[in-house]
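Asks:
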Amino acid sequence: MRLDNMLLAEGVAGPEKGGGSAAAAAAAAASGGAGSDNSVEHSDYRAKLSQIRQIYHTELEKYEQACNEFTTHVMNLLREQSRTRPISPKEIERMVSIIHRKFSSIQMQLKQSTCEAVMILRSRFLDA
1 MRLDNMLLAE
11 GVAGPEKGGG
21 SAAAAAAAAA
31 SGGAGSDNSV
41 EHSDYRAKLS
51 QIRQIYHTEL
61 EKYEQACNEF
71 TTHVMNLLRE
81 QSRTRPISPK
91 EIERMVSIIH
101 RKFSSIQMQL
111 KQSTCEAVMI
121 LRSRFLDA
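Using the UniProt record's numbering, you'd call the opening residue of the sequence shown number 1 and step up by one each time.
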């Protein structure tokens, strides 16, 4: 939950409609300074944050696709096996929940590494 909140606050997760650039602009404004050197740094910050956001969304899409494909594959295997032995719907649900639990840990790692990338970016550009 904390990772989700941080990703939303930084504009990495959530709606794509300029939310991230608005968050980056607010962070840049909060750090103060109106010099051209600062504006170059802030545009670099926004560009890097945008790159992180793009990578995050690409990886999240891949994750969702892989999870769906694997779940479908397992469901098909279970259907095939049900021809030779009885498989209850409860067993199938249990297997699907196990798959989703395993995949959610992968999603958590993606969020964790994205948050780390944002924190490193913030420390380089905004805390300096």
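Ideal placement from N, C-alpha and C gives every residue a C-beta, glycine not left out.
#1: Helix, strand or coil for V74, going by three-state DSSP, please let me know.
#2: Using 8 Å as the Cβ pair cut-off and three pairs as the minimum, do the stretch 75 to 95 and the stretch 50 to 59 touch?
#3: CB E41 to CB F125, shorter than 8 Å?
#4: Inspect the beta-carbon positions of residue 129 and I106 and report whether they are closer than 8 Å.
#5: Going by alpha carbons, who is nearest to L3 out of S123, Y63, Y56, Q81?
#6: Alpha carbons only, please: which of E59, D44, Y45, S39 is nearest the one belonging to A13?
#7: A13 lies in the alpha helix (DSSP H); which residues open and close that run?
#8: Note down the Cα distance separating F70 from S39, rounded to an integer number of angstroms.
#9: Helix, strand or coil: how does DSSP classify R83 here?
#10: Give the DSSP-derived three-state secondary structure of L7 in the structure shown.
Replies: According to the data block:
#1: Reading the sequence shown from its first residue, position 74 is the one you call residue 74. Looking at V74 - three-state DSSP - the assignment turns out to be helix.
#2: no
#3: By one-based count along the sequence shown, residue 41 stands at place 41. By one-based count along the sequence shown, residue 125 stands at place 125. Contact flag set, yes.
#4: Coverage of the chain is limited to positions 1 through 128, which leaves residue 129 absent and any answer about it impossible.
#5: Here residue 3 is taken as the residue at index 3 of the sequence shown, counted from 1. Considering only alpha carbons, the answer is Y56.
#6: If you number the sequence shown from 1, residue 13 lands on position 13. For the residues E59, D44, Y45, S39, the minimum Cα distance to A13 belongs to E59.
#7: Position 13 of the sequence shown holds residue 13. Note, A13: premise wrong, no alpha helix (DSSP H); not H, not E.
#8: Counting from one through the sequence shown, the residue named residue 70 turns up at place 70. Counting from one through the sequence shown, the residue named residue 39 turns up at place 39. Approximately 46 Å, taken between the alpha carbons.
#9: Within the sequence shown, the letter at position 83 stands for residue 83. The answer is coil: DSSP assigns R83 none of H, G, I, E or B.
#10: Residue mapping note: residue 7 aligns to position 7 of the sequence shown, counting from 1. Helix at L7.
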